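J.:
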Amino acid sequence: MSDTVSALNGATFQGFVTVEDAGLQGMITLRGDLGSAKLLAAVTAATGLVTPSQRKIVSQGDMAVAWMSPDEVLILTPYDQAGTIAATLAQALSGEHGLVQTVSDARTVVRLTGAPGSVREVLAKLAPVDLSPQAFEPGEFRRTRLAQVAGAMWFDDTTSARIICFRSVADYVFKLLCISAEEGGEVDYFN
Amino acid sequence: MLILHCPYCGVDAEETELHAGGEAHLKRFGPHSSDEDFETYLFARENPKGVHFERWRHANGCGKWFHAARCTATLEVFGTYSAQVTTPPQAIRDAITAKRPGWSWRDVQ
Numbered sequence: 011m012s013d014t015v016s017a018l019n020g021a022t023f024q025g026f027v028t029v030e031d032a033g034l035q036g037m038i039t040l041r042g043d044l045g046s047a048k049l050l051a052a053v054t055a056a057t058g059l060v061t062p063s064q065r066k067i068v069s070q071g072d073m074a075v076a077w078m079s080p081d082e083v084l085i086l087t088p089y090d091q092a093g094t095i096a097a098t099l100a101q102a103l104s105g106e107h108g109l110v111q112t113v114s115d116a117r118t119v120v121r122l123t124g125a126p127g128s129v130r131e132v133l134a135k136l137a138p139v140d141l142s143p144q145a146f147e148p149g150e151f152r153r154t155r156l157a158q159v160a161g162a163m164w165f166d167d168t169t170s171a172r173i174i175c176f177r178s179v180a181d182y183v184f185k186l187l188c189i190s191a192e193e194g195g196e197v198d199y200f201n
Numbered sequence: 078m079l080i081l082h083c084p085y086c087g088v089d090a091e092e093t094e095l096h097a098g099g100e101a102h103l104k105r106f107g108p109h110s111s112d113e114d115f116e117t118y119l120f121a122r123e124n125p126k127g128v129h130f131e132r133w134r135h136a137n138g139c140g141k142w143f144h145a146a147r148c149t150a151t152l153e154v155f156g157t158y159s160a161q162v163t164t165p166p167q168a169i170r171d172a173i174t175a176k177r178p179g180w181s182w183r184d185v186q
């Protein structure tokens, strides 16, 4: 059995917030008609979660479902369960127009932890998104750009956020976040 | 800075999250069309000073194409709407009329 590693291979950085590789994360892309009862039932059966509404993420334990676009959701699972869950979903959706694909190794997840205002600030420096606590609460899921590449972000709680980007730009995104989180770069806008 | 409301994900996205897709509501003339039609389809574009309809893609976001009505002179945005239509919806036309009485674009008024 090969020893699977994530793109960032456990990298960490300590600035005024902590930037760290969130490790191996199972991810399944599901595309289809999010208005279809069969599809919604299949997601619930496979994950135990209800498909979220526009720009939301619902999570419980180590499972989560995120709204990506009007016809796409991203399902987060434990890494070693992604294949099985994807197969269950595909089975449940047979005959339905849709696509299920495991994308765990195509993407990477980075975690930010720190003081509530500081975590927001590190992201706000990089993305054209209103990150004020009123506008972006835990439970929101936002696809945007991080400097020059596409990414998605959400807050697990007030002191930690996770960022998803493509594996090919993992190093770029990690370094961006490190520079943004460097000591001495605090703006204290959200504090 | 142009800020457009994406009708698919509901985000007020700024220009750098979007990708411009050129003029809206073009009718495609492909194989077996006349040379004139094909040439017009390929090259002839509106270039108005004022009301204009464009296609935009929320590239760094939900990835969907949508339409926008805006003024090329002032960058005022009159509204955005679904990509699944071949002419501007009445609500958008009314919004433009309220601000630019007597406007026209191609044969749309």
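Chains X and D, in that order, give the protein sequences.
Per this note's numbering, the first sequence starts with residue 11, numbered consecutively.
Per this note's numbering, the second sequence starts with residue 78, numbered consecutively.
Where a beta carbon is used, it is the ideal one built from N, C-alpha and C, also for glycine.
Predicted model, so just to flag it, every value in this text is computed and none were measured.
1) Quick one, which residues of the segment 40 to 68 of chain X are near chain D if we go by CB-CB under 7 Å, in chain order?
2) Skipping 5 residues on each side, what residues in its chain have a beta carbon closer than 7 Å to that of Ala-17 of chain X?
3) How would you label Phe-8 of chain X, buried or exposed, when you count the other beta carbons within 10 angstroms and need 16 or more for buried?
4) Going by DSSP, what residue range makes up the beta strand (DSSP E) through Phe-155 of chain D?
5) Alpha carbon to alpha carbon, how far is Thr-87 of chain X from Val-60 of chain X? Give it in angstroms, no decimals.
6) Look at the Cβ atom of Leu-95 of chain D, then the Cβ atom of His-144 of chain D, and state whether they are nearer than 8 Å.
7) Buried or exposed: where does Tyr-199 of chain X fall if 16 or more other Cβ atoms within 10 Å of its Cβ makes it buried?
8) Taking C-beta to C-beta, are His-82 of chain D and Thr-163 of chain D nearer than 8 Å?
9) With respect to the beta strand (DSSP E) encompassing Leu-109 of chain X, which residues constitute its N-terminal and C-terminal limits?
10) Hey, is Pro-138 of chain X's beta-carbon within less than 8 Å of any beta-carbon in chain D?
11) Are the beta-carbon atoms belonging to Pro-165 of chain D and Ala-146 of chain D less than 8 Å from one another?
12) Quick check: Ser-114 of chain X and Tyr-89 of chain X, are their CB atoms within less than 8 Å of each other?
13) Determine the DSSP secondary structure at Gly-99 of chain D, reduced to helix, strand or coil.
14) Run down chain X in chain order and give the residues with a C-beta less than 7 Å from the C-beta of Tyr-85 of chain D.
15) Check the Cβ-Cβ distances between Gly-138 of chain D and every residue of chain X, and say whether any is below 8 Å.
16) Going straight from the alpha carbon of Asp-13 of chain X to that of Gly-36 of chain X, what length do you get?
17) Starting from Arg-170 of chain D, trace the alpha helix (DSSP H) both ways and give me its first and last residue.
18) How far does the alpha helix (DSSP H) with Gly-127 of chain X in it reach, from first residue to last?
T.: Based on what the coordinates show:
1) From the segment 40 to 68 of chain X, only Gln-64, Arg-65 have a Cβ closer than 7 Å to chain D.
2) As a position in the first sequence, residue 17 of chain X is number 7, starting the count at 1. Around Ala-17 of chain X: Thr-118, Arg-177, Ala-180.
3) Nothing about residue 8 of chain X can be read from this structure; chain X reaches only from 11 to 201.
4) Numbered from its first residue, the second sequence carries residue 155 of chain D at position 78. For Phe-155 of chain D, the enclosing beta strand (DSSP E) starts and ends at 154 to 158.
5) Looking up residue 60 of chain X in the first sequence gives position 50. Looking up residue 87 of chain X in the first sequence gives position 77. If you take the alpha carbons of Val-60 of chain X and Thr-87 of chain X, they lie about 14 Å apart.
6) Working through the second sequence from its first residue, we reach residue 95 of chain D at position 18. Working through the second sequence from its first residue, we reach residue 144 of chain D at position 67. In this structure, His-144 of chain D does not lie closer than 8 Å to Leu-95 of chain D by Cβ.
7) Counted from its first residue, the first sequence places residue 199 of chain X at position 189. Result: exposed.
8) The residue you call residue 82 of chain D lines up with position 5 of the second sequence. The residue you call residue 163 of chain D lines up with position 86 of the second sequence. Cβ distance not < 8 Å, so His-82 of chain D and Thr-163 of chain D don't count as in contact.
9) The sequence position of residue 109 of chain X within the first sequence is 99, counting from 1. Note, Leu-109 of chain X: beta strand (DSSP E), 108 to 112.
10) For this step, residue 138 of chain X is matched to residue 128 along the first sequence. It does; some Cβ of chain D falls within 8 Å.
11) Counting from 1 along the second sequence, the entry for residue 165 of chain D is found at position 88. Counting from 1 along the second sequence, the entry for residue 146 of chain D is found at position 69. Contact: yes.
12) The count along the first sequence starts at 1 and reaches residue 114 of chain X at position 104. The count along the first sequence starts at 1 and reaches residue 89 of chain X at position 79. Yes, Cβ-Cβ distance for Ser-114 of chain X and Tyr-89 of chain X is below 8 Å.
13) Taking the first residue of the second sequence as 1, we reach residue 99 of chain D at position 22. Collapsing the DSSP output to three states places Gly-99 of chain D in a strand.
14) Position 8 of the second sequence, counted from the start, is the residue given in the question as residue 85 of chain D. Within 7 Å Cβ-Cβ: Ser-79, Pro-80.
15) Within the second sequence, residue 138 of chain D is the residue found at index 61, counting from 1. Chain X contact via Cβ: present.
16) What you label residue 13 of chain X is simply residue 3 of the first sequence in a count that begins at 1. What you label residue 36 of chain X is simply residue 26 of the first sequence in a count that begins at 1. Their backbone Cα atoms lie some 16 Å apart in a straight line.
17) As a first step, residue 170 of chain D must be located in the second sequence, where it is residue number 93. Run containing Arg-170 of chain D: 167 to 176, per the alpha helix (DSSP H) assignment.
18) Along the first sequence, read from residue 1 onward, the residue named residue 127 of chain X stands at position 117. Looking at the DSSP string, the run of the alpha helix (DSSP H) that includes Gly-127 of chain X is 126 to 134.
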